[in-house]
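Some notes on the structure that comes next.
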Amino acid sequence: MTAHSLAGARWVKSRHSGNGGNCVEVAPDFPGVMPVRDSKDPEGPVLLFPAEAWKSFVAAAASGEFGDI
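Residue numbers are given in the UniProt record's numbering: position 17 of the sequence shown equals residue 17, and the series is strictly consecutive.
So, in structure tokens, the structure goes:
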């Protein structure tokens, strides 16, 4: 995978997230990939998913495909 500079990334989390801190954040402004990180560890590791795979995952989660996890 190509190296990506995440300096200056605009990190966002779901508006459904509460204040409990158990959230992931995404940086949606990178063509072809979706950077994902743990909101409790913003300086920690970042996972890069292919954009289409991330869209499929989010759609499956929203439709309940994974059950009650």
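Every residue, glycine too, gets a C-beta built ideally from N, C-alpha and C. Just so it is clear, the structure is predicted and the values come from calculations on it, not from any experiment.
Subject >> Coarse secondary structure for residue 52, derived from DSSP in three states >> reply: Counting from one through the sequence shown, the residue named residue 52 turns up at place 52. Helix, per DSSP.
**OP:** Tell me whether residue 58 sits in a helix, a strand or coil according to DSSP, three-state version.
**Re:** For the purposes of this step, residue 58 is taken as residue 58 along the sequence shown, with counting starting at 1. Looking at residue 58 - three-state DSSP - the assignment turns out to be helix.
Subject >> Straight-line gap, residue 37 to residue 63 (C-alpha atoms, nearest Å) >> reply: For the purposes of this step, residue 37 is taken as the residue at position 37 of the sequence shown. For the purposes of this step, residue 63 is taken as the residue at position 63 of the sequence shown. Near 23 Å, if we compare the C-alpha coordinates of residue 63 and residue 37.
Subject >> DSSP state of residue 35 mapped onto helix, strand, coil >> reply: For the purposes of this step, residue 35 is taken as the residue at position 35 of the sequence shown. It is a strand residue.
Original post:
Which value, in whole angstroms, describes the spacing of the CA atoms of residue 55 and residue 27?
Top reply: As a working note, residue 55 is residue 55 in the sequence shown. As a working note, residue 27 is residue 27 in the sequence shown. Those two C-alpha atoms are separated by around 13 Å.
Original post:
Among residues of its own chain, excluding the 5 on either side of residue 13, which ones have a beta-carbon nearer than 8 Å to its beta-carbon?
Top reply: Taking the first residue of the sequence shown as position 1, residue 13 is located at position 13. Short of 8 Å from the beta carbon of residue 13, and not among the five residues preceding or following it, lie these beta carbons of its own chain, in chain order: 23, 24, 25, 26 and 39.
Original post:
What do you get for residue 35, buried or exposed, if any count of 16 or more other CB atoms within 10 angstroms of its CB means buried?
Top reply: Here residue 35 is taken as the residue at index 35 of the sequence shown, counted from 1. Residue 35 is buried by the Cβ-count criterion.
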